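Engineer: Each residue of the sequence shown is one higher than the one before, starting from 130 at the first, in my numbering.
This is the structure, below, for whatever I ask next.
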Amino acid sequence: MLQRNTTGRLASTETGRPARRTFGIAMAVVCGFLALTVAASWSANVLAGVENGGPRQALQVLVPQGWAFFTKSPEGVTLVPYEKSPTGVWERADSLPQSNAANGFGLSRNQRAQSTELAIIAAAVPRFTACQDYLTACLDKSGGKVVTVTNETNTHHFCGSFRIVQQEPVKWAYRGSVPESVRVARYADVEVECPR
130 MLQRNTTGRL ASTETGRPAR RTFGIAMAVV CGFLALTVAA SWSANVLAGV ENGGPRQALQ
190 VLVPQGWAFF TKSPEGVTLV PYEKSPTGVW ERADSLPQSN AANGFGLSRN QRAQSTELAI
250 IAAAVPRFTA CQDYLTACLD KSGGKVVTVT NETNTHHFCG SFRIVQQEPV KWAYRGSVPE
310 SVRVARYADV EVECPR
């Protein structure tokens, strides 16, 4: 489209066309690569067999670590802090999982340091109490010896009385056969002091 500029001459107003074309090409490449990685990461199905070669092997040569490099297994053992509410009910003391609305459905990264801080606190606990049972049963057990530890981190998300529970989700195949979806291996009652 032509318009008169400040000098009175006719000039084109379509200066953004090459930039839009470059952006479109870049987006097509990114979307194509994303589609290829998703298709290659699926297990054997109608679209992708288990044969050697093909896009799956080519992608594994290019990026050998796969998605597991960036994620933690949801079936793994985790440390979770619980604290008693004023009504005597045990509640999670951390702001996880990441997908909570309070965390912007995963957009906020502020709570990512909590797992590291909790691991540092748990490493200072000399002894955990074994509890091979479901979460509710282990939380209902009377508190054992309370261990006092100092929170040496600079974030101080956890200060006060907690029960640190080492828990693991029940395997998906058995979820309908058991009363709860979380099993506990051990726990420790701690009093966390935070220096100011």
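For glycine and all other residues, C-beta sits at the position ideal for the given N, C-alpha and C.
Everything numeric in this text was worked out from a predicted model, so none of it was measured.
1) Measure the C-alpha to C-alpha separation of Arg304 and Arg256 and round it to an integer number of angstroms.
2) Report all residues from its chain with a CB closer than 6 Å to the CB of Gln227; omit the five preceding and five following residues, and keep chain order.
3) If you count every other CB in all the chains shown that lies within 10 Å of the CB of Asn229, and 16 or more means buried, which is it?
4) Around the Cβ of Cys260, are there at least 16 other Cβ atoms within 10 angstroms (buried) or fewer (exposed)?
5) In chain order, what residues of the same chain lie with their CB nearer than 7 Å to the CB of Tyr211, ignoring the 5 residues before and after it?
6) Answer yes if the region 268-286 comes into contact with the region 313-325, meaning at least three C-beta pairs across the two stretches below 8 Å, and no otherwise.
7) CA-CA distance, Ser214 and Gly289?
8) How far does the beta strand (DSSP E) with Ala314 in it extend, from its first residue to its last?
9) Hey, quick one: how far does the beta strand (DSSP E) through Gln296 stretch, first residue to last?
10) Here's the rule: buried if 16 or more other CB atoms are within 10 angstroms of the residue's CB, otherwise exposed. What is Asn280?
11) Using the beta-carbon count (16 or more within 10 Å), is Glu246 buried or exposed?
12) By DSSP, does Pro93 sit in helix, in strand, or in coil?
Structural biologist: In short:
1) Against the sequence shown, residue 304 aligns to sequence position 175. Against the sequence shown, residue 256 aligns to sequence position 127. So the two alpha carbons sit approximately 30 Å from each other.
2) Residue 227 sits at position 98 when you count from the first residue of the sequence shown. Counting only Cβ-Cβ distances below 6 Å, and skipping sequence neighbours, we find Gly235.
3) Position 100 of the sequence shown, counted from the start, is the residue given in the question as residue 229. By the 10 Å Cβ count, Asn229 comes out exposed.
4) Locating residue 260 in the sequence shown gives position 131, counting from the first residue. Buried.
5) Translated into positions along the sequence shown, residue 211 becomes position 82. Cβ neighbours of Tyr211 beyond the five flanking positions: Trp219, Glu220, Arg221, Ala222, Leu268, Phe291, Arg292, Val294.
6) yes
7) Your numbering for residue 214 matches position 85 in the sequence shown. Your numbering for residue 289 matches position 160 in the sequence shown. Going from the Cα of Ser214 to the Cα of Gly289 covers about 12 Å.
8) On the sequence shown, position 185 is the one that residue 314 refers to. That run of the beta strand (DSSP E) goes 311-322.
9) Here residue 296 is taken as the residue at index 167 of the sequence shown, counted from 1. Run containing Gln296: 289-298, per the beta strand (DSSP E) assignment.
10) Your numbering for residue 280 matches position 151 in the sequence shown. Buried, by the Cβ-count rule.
11) Locating residue 246 in the sequence shown gives position 117, where the first residue counts as 1. Glu246 is buried by the Cβ-count criterion.
12) Nothing can be reported for residue 93: it is not among the residues displayed for the chain, which extend from 130 to 325.
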